[in-house]
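My numbering puts the first residue of the sequence shown at 80, with every later residue one more than the last. Note that beta-carbon positions come from the ideal geometry of N, C-alpha and C, so glycine has one too. Structure, as structure tokens:
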Amino acid sequence: MIRLTQRQIHHGTFGLLNGLGLFTLTVALFPEPQWLTIIPIVAGLAFGGGLWFAYWRGWEPARPLLIVFLTLVVALGMNEQFLESRFNHVIYTIPALALVLTGPVWVASSALALLAAFAIRTGGGPYLNPFELVTFTLIIGGMIFSRLSIDNAQRLEAAKREAEEARARAEQRERDLAAQAEELAQRNAEQQRLLELVSVLETPTIALAEGVLLAPIVGALDTRRAQALTARLLNDASAQRAQRVILDISGVTAVDTQVAQALIQTARALSLLGCQVTLTGISATVAMTLTHLGVALESIHTVRSPQEALTQTQ
């Protein structure tokens, strides 16, 4: 089935009218030119062609303007001898064109304008005949309702297309969000893996001898890192059945009350596993800081270096 857009139908109507105009011009030229007929035909072709060009360039008022022009041509240009004898059905041609090119208002307007013009020019004549008026009303009414049905179908089709496009956009958006969520989950997993790796690297445990673990602490010791340190030392001490854990804090940048409390809590947690905790690497500056803060480390055995702690163990 051939599917044409409304704009293609409009262009076809413009082309049909201009083609009929050219055919009429050809008839008027041969075999003998009828100049009184040729001049208005040429003028009409120029005007109609101009409107077609304007519509091709996107000027929408060209369609109703063409209906107005044709209504005036038929209303004023029809020979009275074709109007007086009977109800001339040419009155339906312009409303039919309006049905294709415009809308219900233009169908009714062109039909009533032609009916009024023909009635005035003929002094009433057959155009006020009740039977003819009933037929006229039925035909024009049918055209109007037909146009309304077409407009409704077009609106429904447009709404359907918009709904399908909206659904397609929503599905695409859903796919994009799912991809973003998956990417975010992968990034979070990678970040968690890196955090775990950093946690392992920043506080490693080294087996110095059987039952002896060394945990060198480097950098700042905040709450998160203190908790990770305690958890890791408890796991390693339990897994390796360590009897002594040496905490070397020579690499700690600063020691304050929070760091001291974290070390004490770690030592207490390890003592619950039966481990003896030895603290090494306390410098003179750190010792003065702890003394100034009033922090006591009596519960933790302290020595100068890991080597000294290992020697005492042996």
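Taking the C-alpha atoms as reference points, what is the distance between L178 and R248?
Computed Cα separation, rounded: 36 Å.
To the nearest angstrom, report how far apart A268 and R311 are at their CA atoms.
Rounded to whole angstroms, A268 to R311 spans 20 Å at the Cα level.
CA-to-CA distance, G290 to Q319, given in whole angstroms
Taking the Cα positions, Q319 is about 7 Å away from G290.
Do the stretch 202-210 and the stretch 157-173 meet, that is, are 3 or more Cβ pairs less than 8 Å apart?
Yes, the stretch 202-210 is in contact with the stretch 157-173.
Determine, using beta-carbon pairs with one atom in the stretch 319-338 and one in the stretch 350-360, whether at least three such pairs fall under 8 Å.
By the Cβ test, the stretch 319-338 is in contact with the stretch 350-360, since at least three Cβ pairs between them sit closer than 8 Å.
Would you report the Cα separation of E243 and D230, rounded to the nearest angstrom?
When rounded, the distance between both Cα atoms is 20 Å.
Best match in L389, T181, V106, T116 for proximity to S225 [C-alpha to C-alpha]:
Here the closest residue by C-alpha is T181.
Any contact between the stretch 328-346 and the stretch 291-299? By contact I mean 3 or more CB pairs, one from each, below 8 Å.
Between the stretch 328-346 and the stretch 291-299, the count of C-beta pairs closer than 8 Å reaches three or more; the two stretches touch.
Please list, in chain order, all residues of the same chain as R200 whose beta carbon is under 7 Å from its beta carbon, the five residues on each side excluded.
Contacts found: E159, L162.
With a threshold of 8 Å on Cβ separation, who are the neighbours of F126 within its own chain once the five nearest residues in sequence on each side are excluded?
F148.
Determine the closest residue to T150 out of L263, H168, T172, with distance taken between C-alpha atoms.
Checking every option, the nearest Cα to that of T150 belongs to T172.
Output the boundary residues of the alpha helix (DSSP H) element that contains T357.
Where T357 is concerned, there is no enclosing alpha helix (DSSP H), although the beta strand (DSSP E) it sits in stretches over 355-359.
Alpha carbon to alpha carbon, how far is N314 from E250?
Roughly 48 Å between the two C-alpha positions.
Per DSSP, what kind of secondary structure is V334 in: helix, strand or coil?
Residue state, collapsed to three classes: coil.
In whole angstroms, give me the CA-to-CA distance for F197 and H168.
If you take the alpha carbons of F197 and H168, they lie about 11 Å apart.
Just mark A122 as buried or exposed, buried being the case when its beta carbon has 16 or more other beta carbons within 10 Å.
Exposed, because fewer than 16 other Cβ atoms sit within 10 Å of the Cβ of A122.
Between the CA atoms of A260 and A316 - distance to the nearest angstrom:
The alpha-carbon atoms of A316 and A260 are separated by roughly 39 Å.
Quick check: the Cα distance between L104 and L227, rounded to an integer number of angstroms?
For L104 and L227, the distance between alpha carbons rounds to 36 Å.
Is L130 closer than 9 Å to F93 when the C-beta atoms are compared?
Result yes, Cβ atoms of F93 and L130 sit closer than 9 Å.
Consult DSSP for V382 and reduce its assignment to one of helix, strand or coil.
If DSSP states are grouped into helix, strand and coil, V382 belongs with coil.
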